[in-house]
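Count the sequence shown with the numbering used here and you get residues 30 to 956, in order.
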Amino acid sequence: MTPWVRTRLRTAPGAACALALLVALTACLAAAFPRAVDRYGDAGLHRAVAQAGPERSGVRVAAPIPSPLLPQTQREDALRPEALSRQYADVRALVPEPLTVDGGQSTYGVSTTMDLVAPDPWLPRPTGLPAQVSLVAQAGLAEHADLRTGRLPRATGQVTSRAAEVEAAVTVETAKGLHIKAGSVIHVPGVEREPLAVRVTAIVAPRDPDGAYWSVRPLLRTPTLVRLPGPSSDADRYWLGALLLAPDAAPAILGTPGNPERYWQLSPATDALHAHDTDRLRSAIASLESGPALQKVRTAIGDLADEYTAGVTDVNTDLDDVLASYARLREGVDPLVSVAAFGTGTVAAVVLLMAGGLAADRRRTELALLRARGASLRGLTGRLLAETAVIALPAGALGLTAALLALPAPRALPAVLTAAAVTALACGALPLRAAAAHRAVRVHGGREDVTSVRPSRRRTVAELTLVVLAAGAVETLRRRGTSGSAGDQLVSLAPVLIGVIAALVLVRLYPLPLRALARPAGRLRGAVGHLSLARAGRTSVPATLPLLALLTALTTAAFGGSVLAGVREARDHAALLTVGADARIETTGPLPTALPDRIRRVPGVDGVAEASIAYQARPEEGRETVALVGVDPGEYAALAGRVGAGRFGGGELRAAAGAGSGPATGSGSGEGGSGSALPALASPATAATYGTRPFPVGLEDGSTVTVRIVLVRDRTPAVSGAHFLVVDRAGLSGTAARPTALLLTGDHLDTGALRRAAGDSAGIQLRSEERARFVDSPLQSGAERIYTTAVAAGAGYAVLALLLALLRAAPERTALLARLRTMGLTRAQGRRLLVLESLPQAVLAALGGTLTGWAAIRLLSPGIDLTTIALASTQTAPTRAELHTDALSLTVPAISVLVLAVGVVAGQAWWSGRRGSVRELRAGDAR
C-alpha cells in the first residue's frame with residue numbers, strides 16, 4: 030500500500046467503510062442472482078423428471094439375442110452375467126456428457142418379450158383364462174429387495190437352454206395376487222423340449238418400490254389383471270406376473286417361446302441434471318437414440334447387423350420429451366426474470382456511479398490543486414484507482430464469498446463474473462469521474478446548474494440513440510412477446526430503457542418550470558419561496574443523476590409490482606373459475622335434504638347457491654351430451670355476479686307456470702310454443718348448435734325438459750367446458766330438481782367446520798386449495814421469489830440514490846443555513862427553505878416515475894403473457910393472464926420518495942439548527 034493510499038484511508042475512514050459496505054452488498058446481490066436462478070432452475074428440472082417417473086426418464090438399451098444360425102453355446106454365453114456385465118460397463122462409459130448414470134438404480138439382464146402361459150391349475154383364473162408370466166433375469170436383486178420367505182434363487186452348475194428346472198423369486202404383491210408360496214412350481218412352455226419348471230424359492234419385498242430398479246417395468250413389482258382387447262366383459266381377464274430368475278439362469282429362457290432380449294437399463298442421476306445443461310442434455314439423448322453415440326453402443330455390444338443377428342440394438346427413452354416440456358416452461362419464465370434483473374442492475378449501477386461522483390465532488394478542490402501543481406491526469410487517475418481498489422477489491426471478494434456460501438449451486442463462474450463487474454464499476458467510478466472533471470487544469474470553474482448549462486451535441490446524439498433503442502425494444506416486445514425471446518437482452522431491457530428515456534426528457538424539461546416560477550415568486554412577501562426556487566434552479570448538472578436512478582427504480586418497481594399483482598390475480602381468478610365459488614360441495618347423487626341448512630350455519634359462509642347438475646343431458650335425443658344445471662335464478666345470479674363469471678339478471682331465467690318437464694317418454698319433437706319452454710342460459714357453442722327455438726333435453730333420470738335459449742355467456746360458475754345449459758330448477762321433475770352441488774361464497778370460511786358439516790359422503794373443493802395447485806413447478810415459485818427480491822432491491826437502491834443526492838448537497842446547505850441565520854433567518858424558515866428546495870426534484874421524480882411506470886405497462890402489456898409463471902403448466906389455463914397496471918405499485922413507491930426526501934431534508938435542517946455556526950462560517954475551510 031502506497032503512502033498516498035494509506036494517508037487517504039486514514040483521512041476519511043467513514044467514507045471508505047461506506048464504500049466497502051456498498052460494494053460488498055452489491056457484489057453479494059449480483060453474485061447471488063445467477064446462483065438463485067440456477068437453484069430454482071435445477072429444482073424445477075428435478076421436479077419435472079420426478080413427475081415423469083422412472084419409466085419415462087430412464088434410458089433403455091435393448092438388443093436381440095444372437096441369431097439361431099450361431100452355435101447354441103455362443104448364444105447361451107451371450108446371455109450369461111459375465112458378458113452382460115462387461116457390456117453394461119461399456120455402455121455406461123459411452124453415455125455422452127452431461128448425462129450421468131445413477132449406478133445404484135441402473136441394472137441389466139434378460140427378459141422375455143412375449144408373455145408365457147402357465148397352465149398350472151392352482152394359479153388363479155378369475156374368468157377361466159390361465160395366468161401368464163414373464164421371465165426376467167435381472168442383476169442386483171439382493172441389493173434392491175428384502176427377503177421375506179425362503180432363500181434367493183441361484184443356479185446349480187452351468188445352466189443351458191435345455192435345463193429342466195430353474196429357481197425364481199417373486200415379490201410380495203405377486204405372491205398375493207397369484208397365490209404363490211415359497212416352494213411353488215410354475216411350468217411354462219418349452220420349444221422342442223419339455224415345459225420348463227420354475228421353482229419359487231423366495232418371496233421378496235422391494236426396498237425402494239418407487240425406484241427405477243422396480244418402476245421402469247412395474248410388472249416386476251406388481252402383477253396385473255389384464256383385460257383382453259375389444260368389446261370384452263368380465264369373462265375376458267387373466268393374471269400376468271413376473272418371475273425373477275437368478276442371473277446365471279438366463280440361458281434357460283432360450284428354451285421357451287418368450288422371444289428373449291438383452292437389456293441395459295440406465296437411470297439418470299437426478300442430482301447431476303442441471304438446468305443450464307438442458308440443451309446439451311437433449312443433444313446427448315438425441316445422439317444416444319439416433320446419433321454417433323448409438324453407433325458406439327452397437328459396436329460395444331457387438332451388434333454387427335449381419336446374417337448372424339436377429340435385429341439391431343435400440344435405445345429408447347422419453348427423457349427428451351420431459352426436457353422439451355421443461356424448456357418450454359422456462360422459456361416463458363426467464364424473460365420476465367430478466368426484466369427484473371436488468372431493472373435492478375441498472376439502478377445498482379447508477380448508485381455506484383453516484384457514489385464515485387459524490388467522492389469526486391467532495392474532493393474537487395483537492396484534485397484541482399494537485400492538477401495545478403503539476404500532477405498528470407494519468408498519475409492522478411492511477412492514484413485514485415489504487416485508492417478505490419484497496420477498498421473495493423476486498424469488499425467485492427467478501428460479497429462474492431457470502432453469496433457462494435449462502436446459495437450453494439453447481440456453477441461459480443457466473444457469480445464470479447457478476448461480482449467482478451460490480452467491483453470493476455466501483456473501482457472505476459471515482460477515477461473516471463475525476464478524469465472527466467479535471468481534463469483541463471483550472472482552479473475555478475463556471476456555473477454548472479441546469480438553468481445555465483445547455484446540452485452538448487454529444488449528449489443529444491447519445492440521447493437520440495437511446496430513444497431509438499428503446500422504441501425498437503418496445504415494438505419488438507409488443508409484436509413478438511416474451512415467449513421465445515429469452516436470448517434477446519434488448520427486449521428484457523425495454524422497461525429500463527423507457528425509464529431512462531423518460532429521465533433524460535425530464536432533465537431537459539426540468540429548467541422550464543423553474544424559470545417560469547422564479548419571477549412570480551420574487552414578487553411574494555418573504556424570501557423563502559424565491560430563494561428555494563433559485564436554489565433548486567442552480568442544482569448542478571451532475572446532481573441530475575439521482576433523477577435517472579429514481580425514475581428507473583420507480584419504473585422497475587411499478588412494472589415488477591404489476592407483474593406480481595397480475596400473477597396473484599390470475600391465480601385467484603383461475604381458481605375461482607375452476608371451483609365456481611369460494612367452496613364447492615358436490616356428490617354424484619342428490620345431496621342430503623338437511624345438508625344445505627347445515628352449511629348455511631357454518632361460520633364464514635355468506636351465501637349458498639344450490640344446483641342440480643346433469644352432466645349427461647342429451648338434447649333432442651341425440652348422441653351429443655351437454656351439462657344441464659338447474660338453479661334458483663336469484664341465488665345463482667348473485668353468485669355469478671360475485672365471482673364475475675357469466676353475469677345475468679335473475680328474472681331472465683324464471684320459469685313460467687307449467688313450463689318445463691314432460692313425461693318420462695319425452696316430449697316429442699319439441700315443437701311446442703315458446704311459452705311452454707324453460708328459459709335457458711347457454712354457452713356460445715351450444716347456442717350456435719340449437720339456436721333460439723325450443724328443443725327437448727333428455728335428463729339422466731329419464732325425464733325430458735323443453736328449453737329455449739334466451740341468454741348466451743362464455744362461462745358459468747357451476748360447470749366448465751364448451752357445452753352447458755342453465756335453467757330454473759323449478760321447472761324440472763322432482764328427481765332432477767334435487768340439488769347435487771352447493772356453491773358457497775365467503776371471505777373467511779371455516780374449513781374445518783365446513784368439512785365436519787359436509788361429512789364424508791360429499792366431496793369438498795376449496796378455492797384456496799385449488800389456487801395452491803396452480804404453482805406446479807419450483808421454477809414458477811422460484812422465479813416469483815426472485816422477482817420479488819429484485820423489486821425490493823431496486824427500491825432499496827432508489828432510496829440509497831436519494832440519500833446520496835441529499836448527502837452530496839448537505840455541506841453546502843448547512844453552510845447556507847449558517848450564513849442566513851446571521852441575517853435573521855429563523856429555524857422554521859430554514860426548514861421550509863430546505864424542504865421547498867428539495868421538493869421540485871422529488872415531485873419531478875415521483876410524478877415522472879408514476880407516469881413512466883404506467884406508460885411502460887400500457888406499452889408492453891400486449892407482449893407480456895403471465896400465464897406460464899402464474900398457472901401450472903400441466904393444466905389448461907382457463908384464461909390468459911395479462912399484465913395490467915396496479916395502483917399500489919404505481920403510487921406507493923412515488924409517495925415513499927416524496928416522504929423520504931422531505932423527511933431527510935427536515936432532519937438535516939433540525940440537526941444543523943442544533944449545531945453552532947462558527948465552523949460553517951470559517952473562510953476557506955475545505956468541505
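We put the beta carbon where it would ideally sit given N, CA and C, even for glycine.
As the structure is a computational prediction, the values presented were derived from the model and not from experiment.
Cβ of residue i within 8 angstroms of Cβ of residue j?
i	j	result
GLY87	SER367	no
ALA766	PRO524	no
ALA197	LEU248	no
ALA53	VAL376	no
ARG627	ALA821	no
ILE815	VAL66	yes
LEU310	LEU128	yes
GLY878	PRO840	no
THR346	ARG89	yes
Along the beta strand (DSSP E) that carries residue i, what are the first and last residues, could you check?
i	result
HIS216	214 to 217
ARG630	Taken as a continuous stretch (DSSP letters only), ARG630 belongs to no beta strand (DSSP E), as it is neither H nor E.
From the DSSP output, in three-state form, read off residue i for me.
i	result
ASP611	coil
ILE527	helix
ALA198	strand
ARG180	coil
PHE588	helix
ALA44	helix
TRP940	helix
ILE738	strand
LEU108	coil
LEU3	The displayed coordinates of the chain run from 30 to 956. Any statement about residue 3 would go beyond what the structure contains.
THR36	helix
SER810	helix
LEU919	helix
ALA193	coil
TYR539	coil
SER703	For SER703, the pLDDT reaches just 43, beneath the cut-off of 50, and the residue's location in the model is therefore unreliable, leaving the point undetermined.
LEU580	helix
ILE793	strand
PRO280	helix
THR55	helix
LEU269	strand
ALA231	strand
GLU416	helix
SER641	strand
ARG647	strand
SER749	coil
GLU1012	In the structure as shown, the chain begins at 30 and stops at 956. Residue 1012 is therefore absent and cannot be evaluated.
Keeping to the same chain, check which residues put their C-beta closer than 7 angstroms to that of residue i; ignore five residues upstream and five downstream.
i	result
ARG392	none
PRO443	PRO63
ALA782	VAL631 and PRO632
SER190	GLN101, GLU105, PRO280, ALA281, LEU283 and GLY284
ALA378	LEU454
Using a Cβ-Cβ cutoff of less than 8 angstroms, which residues in the same chain neighbour residue i once the five nearest sequence positions on both sides are dropped?
i	result
GLY516	Low confidence applies here, because GLY516 scores a pLDDT of 42, under 50, leaving its location unreliable; read the following figure in that light. For GLY516, where only same-chain residues beyond five positions count, there are no Cβ hits under 8 angstroms.
GLY636	GLU664, ALA667, LEU668, ARG671, LEU773, THR774 and GLY775
ARG737	SER703, ALA706, LEU707, PRO708, ALA709, THR721, ARG722, PRO723 and PHE724
Comparing alpha-carbon positions, which option in the options lies nearest residue i?
i	options	result
SER521	ARG814, ALA500, GLU395 and THR715	ALA500
ALA463	PRO423, THR447 and LEU414	LEU414
CYS57	GLY374, MET852 and PRO575	GLY374
PRO746	LEU399, ALA168, ILE642 and LEU832	ILE642
ALA812	LEU836, LEU538, LEU863 and ALA899	ALA899
ARG154	HIS467, VAL201 and LEU207	LEU207
Suppose the cutoff is 6 angstroms on Cβ atoms and the five residues either side in sequence are ignored; what does the same chain contact list for residue i look like?
i	result
PRO692	With a pLDDT of only 46 at PRO692, under the threshold of 50, the placement of this residue in the model should not be trusted, and no figure is reported.
PRO289	ILE94, VAL139, THR141 and ILE282
LEU382	ALA458
ALA582	VAL376, GLY823 and ALA827
In the DSSP assignment, find the unbroken alpha helix (DSSP H) run with residue i in it and report its ends.
i	result
ALA709	Careful: ALA709 lies outside any alpha helix (DSSP H), inside the beta strand (DSSP E) at 707 to 711.
ARG400	393 to 401
GLY138	GLY138 -> not in any alpha helix (DSSP H); beta strand (DSSP E) instead, spanning 136 to 141.
GLY186	From DSSP, GLY186 is part of no alpha helix (DSSP H); its letter is neither H nor E.
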